[in-house]
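The structure appears right after this line, and notes come after that.
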Amino acid sequence: MQSSENLWRLKKPFILASASVQRRALLEKARLFPSEIVSADIDESLKSKETPREYVRRISLEKARHVSALRPGVCVVAADTVLAVGRRIIRKARDESDAREKMKLLSGRRHRVITGLCVIAPDGREISKVVTSIVVLKKFDPIDIDILMASHEWENVAGYRIEGVLSAFVKQIIGSYTNIVGLPIYETSNILRSVLG
Numbered sequence: 004m005q006s007s008e009n010l011w012r013l014k015k016p017f018i019l020a021s022a023s024v025q026r027r028a029l030l031e032k033a034r035l036f037p038s039e040i041v042s043a044d045i046d047e048s049l050k051s052k053e054t055p056r057e058y059v060r061r062i063s064l065e066k067a068r069h070v071s072a073l074r075p076g077v078c079v080v081a082a083d084t085v086l087a088v089g090r091r092i093i094r095k096a097r098d099e100s101d102a103r104e105k106m107k108l109l110s111g112r113r114h115r116v117i118t119g120l121c122v123i124a125p126d127g128r129e130i131s132k133v134v135t136s137i138v139v140l141k142k143f144d145p146i147d148i149d150i151l152m153a154s155h156e157w158e159n160v161a162g163y164r165i166e167g168v169l170s171a172f173v174k175q176i177i178g179s180y181t182n183i184v185g186l187p188i189y190e191t192s193n194i195l196r197s198v199l200g
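First residue of the sequence shown? That's 4 in our numbering, and the numbers climb one at a time after it.
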């Protein structure tokens with residue numbers, strides 16, 4: 004059933020190296036069905052002087068290589084997404100207090116959402132891309148932040164879920180919307196069709 008639903012007629016399966024519900028949903032909406040989900044357990048610490056672009060490129064590559072070593076010969080798709088204000092990376096909030104501070108930092112500001120995408124083809128080729136989108140949020144008042152906190156959509160994500168309550172506060176998006184959700188589908192589908200089609 005899965006292969007008949009695959010709009011792109013991919014000739015070989017691929018593994019999604021991520022436990023992200025959002026990434027899997029984005030793929031499936033585009034009729035790209037991973038044969039398996041394998042979460043990559045790697046050290047995601049930021050290196051000294053590493054820029055946000057360098058960071059997501061490195062982490063997505065390490066995730067892909069980690070899973071490829073577990074499933075040799077199978078195509079692997081991996082990604083890592085961060086929010087960046089200048090060179091500062093916005094990490095997952097530790098708790099509600101930390102999430103409030105992050106929302107105050109993003110309030111009324113233009114910031115970048117950067118995803119590193121890495122696909123390892125069945126023959127071992129590594130294809131890596133970095134996709135950047137720009138998001139402008141309204142200036143939050145205290146009630147806005149209370150609403151965002153009450154939604155709990157800040158939990159277990161780097162910054163926010165743009166597809167949730169926060170969508171009511173987005174003034175402008177420049178670039179890929181799916182990239183902001185967590186996986187740039189245009190780039191991902193093009194790569195998958197080139198290596199598996």
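Yeah, the Cβ is synthetic: ideal placement off N, Cα and C, and Gly gets one too.
Val59 is the residue among Ala43, Val59 and Ser42 whose C-alpha sits nearest the C-alpha of Lys50. Distance from the Cα of Glu31 is smallest, within the candidate group Ser42, Leu73 and Ile18, for Ile18. Between Arg128 and the set Glu156, Phe172, Gly162 and Ile194, the nearest pair of CA atoms involves Ile194. Apart from sequence neighbours up to five positions away, the residues of its chain that approach Met106 with a beta-carbon distance below 7 Å are Phe143, Ile148 and Leu151, ordered along the chain. Taken through DSSP and simplified to helix, strand or coil, Glu158 comes out as coil. Looking only at Glu39, Asn159, Asp44 and Val139, the smallest Cα-Cα distance to Gly185 is reached by Asn159. The shortest CA-to-CA distance from Ala87 to any of Trp157, Ile137 and Lys52 is the one to Ile137.
Only buried fits Ala102, as 16 or more other CB atoms lie within 10 angstroms of its CB. Listed in chain order, the non-local C-beta contacts of Ala43 below 8 Å within the same chain comprise Ala20, Ser21, Glu65, Lys66, Ala67, His69, Val70 and Ala81, local neighbours out to five positions each way being set aside.
Here Ser197 carries a helix assignment [DSSP, helix/strand/coil].
In the three-state reduction of the DSSP assignment, Ala153 falls in the helix class, which pools H, G and I.
DSSP places Arg113 inside the beta strand (DSSP E), whose first and last residues are Arg113 to Ile123.
Taking 3 residues as the minimum length, the beta strand (DSSP E) runs contained wholly in the segment 51-132 are 78-88, 91-93 and 113-123, in order along the chain. Your pair Thr181 and Leu29 checks out as a contact, with CB atoms roughly 5 Å apart and the cut at 8 Å.
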